[in-house]
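Accompanying notes for the structure given below.
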Amino acid sequence: MINQVLYRKYRPRTFEEVEGQEHVVRTLRGALASGRVGHAYLFCGPRGTGKTTMARLLAKALNCSTRQGAATIGNKKPTELCNTCHSCTEINEGRSLDLIEIDAASNRGIDEIRNLKDSAQVAATGGGYKIFIVDECHMLTREANNALLKLLEEPPSHVIFVLATTEPHKVPDTVLSRVQRFDFKKISGETIAKKLHEIAKQEKLQIDDDALATIASSASGSLRDAESSLNKLISYSGVKITDEQVAEALGIVPHHIHQKLLELIKQKKGQEAIAQVANLYESGVDMDNFVKQFVKYIRAELISFISQPIAASSTQSEPEFFIKVINLFVKAGGELKFSPVPQLPVELAILELTK
Ligand SMILES: Nc1ncnc2c1ncn2[C@@H]1O[C@H](COP(=O)(O)OP(=O)(O)OP(=O)(O)O)[C@@H](O)[C@H]1O
Ligand SMILES: [Mg+2]
Ligand SMILES: [Zn+2]
Numbered sequence: 001m002i003n004q005v006l007y008r009k010y011r012p013r014t015f016e017e018v019e020g021q022e023h024v025v026r027t028l029r030g031a032l033a034s035g036r037v038g039h040a041y042l043f044c045g046p047r048g049t050g051k052t053t054m055a056r057l058l059a060k061a062l063n064c065s066t067r068q069g070a071a072t073i074g075n076k077k078p079t080e081l082c083n084t085c086h087s088c089t090e091i092n093e094g095r096s097l098d099l100i101e102i103d104a105a106s107n108r109g110i111d112e113i114r115n116l117k118d119s120a121q122v123a124a125t126g127g128g129y130k131i132f133i134v135d136e137c138h139m140l141t142r143e144a145n146n147a148l149l150k151l152l153e154e155p156p157s158h159v160i161f162v163l164a165t166t167e168p169h170k171v172p173d174t175v176l177s178r179v180q181r182f183d184f185k186k187i188s189g190e191t192i193a194k195k196l197h198e199i200a201k202q203e204k205l206q207i208d209d210d211a212l213a214t215i216a217s218s219a220s221g222s223l224r225d226a227e228s229s230l231n232k233l234i235s236y237s238g239v240k241i242t243d244e245q246v247a248e249a250l251g252i253v254p255h256h257i258h259q260k261l262l263e264l265i266k267q268k269k270g271q272e273a274i275a276q277v278a279n280l281y282e283s284g285v286d287m288d289n290f291v292k293q294f295v296k297y298i299r300a301e302l303i304s305f306i307s308q309p310i311a312a313s314s315t316q317s318e319p320e321f322f323i324k325v326i327n328l329f330v331k332a333g334g335e336l337k338f339s340p341v342p343q344l345p346v347e348l349a350i351l352e353l354t355k
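Encoded structure:
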């Protein structure tokens with residue numbers, strides 16, 4: 001079924017397919033259309049938002065021979081790449097000699113940059129551009145940065161640099177002043193959920209949109225993290241993925257457990273409530289996470305309670321009860337960090353509420 005890691009399989013192959021980052025795509029397309037591409041770019045922003053992807057797309061577009069050969073319309077060139085010409089194919093298969101990727105996290109030193117400098121002097125094999133992607137460029141040593149700087153000052157005309165980093169504040173000013181900088185943004189939960197929906201459809205997964213939204217919101221803006229979570233779930237549950245499995249895999253406590261815990265507290269069944277918390281703890285749920293989610297759950301209950309006309313089954317004291325639970329759990333949450341026993345503050349809150 002899935003014989004390739006999802007995030008690689010669904011890496012965008014055209015500018016069109018990139019999610020979010022419209023500001024970057026628009027500016028790069030503008031440069032490609034007018035033929036005025038800068039010689040050095042810096043792509044910065046949170047992890048898994050498309051920096052490396054965009055660098056490869058730019059490289060492909062620059063050397064795409066279909067694009068080069070196409071007629072110029074009103075002195076503008078087309079800006080999308082073809083994925084079928086010799087150059088695009090070579091890059092897609094990872095065997096182009098004109099796209100050189102350096103991972104500065106593992107090759108931080110001066111030798112790497114010297115090699116890069118030697119290679120930059122040699123013309124591109126395809127007669128077009130030679131593109132160097134320096135990933136995690138904030139990791140370069142000072143000597144390596146100085147050598148890179150010389151290259152950025154007087155780059156051979158056929159050479160284009162794309163530096164990428166999650167930590168632009170660690171890039172020296174001297175380098176910053178010689179590159180065109182693009183800030184990549186976190187991708188919205190909605191956009192991530194939409195993309196996961198498309199993937200689920202293609203992979204013929206049985207998973208509902210609520211579960212996909214849960215995965216999306218736990219990825220905090222990184223599309224790669226969301227795709228990796230989905231991948232993990234597939235290897236764990238197969239094509240049929242339930243809400244429970246999603247919750248478990250992401251360390252999220254399922255809704256009905258919150259419901260049950262609140263009910264036990266309400267009925268003053270302290271011992272059973274504590275046993276349930278112990279169960280959660282033993283199954284690997286992070287207490288800090290759990291308390292936050294439980295407080296959110298009760299807040300939602302409280303809000304839905306006060307926004308409804310008083311039902312026959314409920315008592316006037318219900319809001320006060322919710323408020324008391326919230327207060328004690330918020331307090332417990334603050335004490336977790338200092339507790340010698342991880343679940344102790346939660347147990348004390350339950351005892352206080354059920355005594
Ligand atoms: N903007 C995006 N649009 C579509 N897919 C994306 C986007 N960003 C990330 N992805 C998905 O995540 C994968 C990884 O993206 P990429 O390597 O470009 O992230 P990155 O920003 O370079 O991350 P890192 O900082 O960790 O190097 C891609 O293969 C793709 O599946
Ligand atoms: Mg990257
Ligand atoms: Zn092409």
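Numbering-wise, the sequence shown is residues 1 to 355 according to my numbering.
Just so it is clear, CB atoms sit at the ideal spot from N, CA and C, and this is done for glycine as well.
The structure presented is a predicted model; accordingly, all values stated were derived computationally and were not measured.
Assignment of Lys-51 by DSSP, reduced to helix, strand and coil, places it in the helix class. Counted as a single uninterrupted DSSP element, the alpha helix (DSSP H) harbouring Ala-275 occupies residues 270 to 282.
Rounded to the nearest whole angstrom, the C-alpha separation of Ile-257 and Glu-90 is 52 angstroms. With a cutoff of 8 angstroms on beta-carbon distance, Ala-104 and Ile-133 are scored as not near each other.
Annotation note: the stretch 166 to 235 contains the following uninterrupted beta strand (DSSP E) runs of length 3 or greater, listed N- to C-terminal: 180 to 183. Using a C-beta cut-off of 8 angstroms, the stretch 44 to 59 makes contact with the stretch 184 to 200, since at least three inter-stretch Cβ pairs fall below that distance. Under DSSP, Lys-130 shares a beta bridge with Val-159. Exposed is the label assigned to Lys-337, since fewer than 16 other Cβ atoms lie within 10 Å of its Cβ. Taking the C-beta atoms as reference points, Tyr-281 is found nearer than 8 angstroms to Pro-342. Counting along the chain, Ala-40 sits inside the beta strand (DSSP E) bounded by residues 40 to 44.
Assignment of Asp-288 by DSSP, reduced to helix, strand and coil, places it in the helix class. By the Cβ test, the stretch 202 to 211 is not in contact with the stretch 24 to 40, since fewer than three Cβ pairs between them sit closer than 8 angstroms.
Between Ile-303 and the set Phe-322, Val-291, Asp-288 and Phe-290, the nearest pair of CA atoms involves Phe-322. The three-state secondary structure of Glu-352, taken from DSSP, is helix. Under the three-state reduction of DSSP output, Lys-9 falls in the helix class.
In the three-state reduction of the DSSP assignment, Ala-247 falls in the helix class, which pools H, G and I. The beta carbons of Cys-44 and Arg-67 sit about 27 angstroms from each other, so the pair does not count as a contact at 8 angstroms. Beta-bridge partners of Asp-135 (DSSP): Asp-103 and Ala-164.
Residue pairing of Lys-240 in beta bridges, as defined by DSSP: Gln-206. Per DSSP, Cys-64 lies in no alpha helix (DSSP H) and is assigned neither H nor E.
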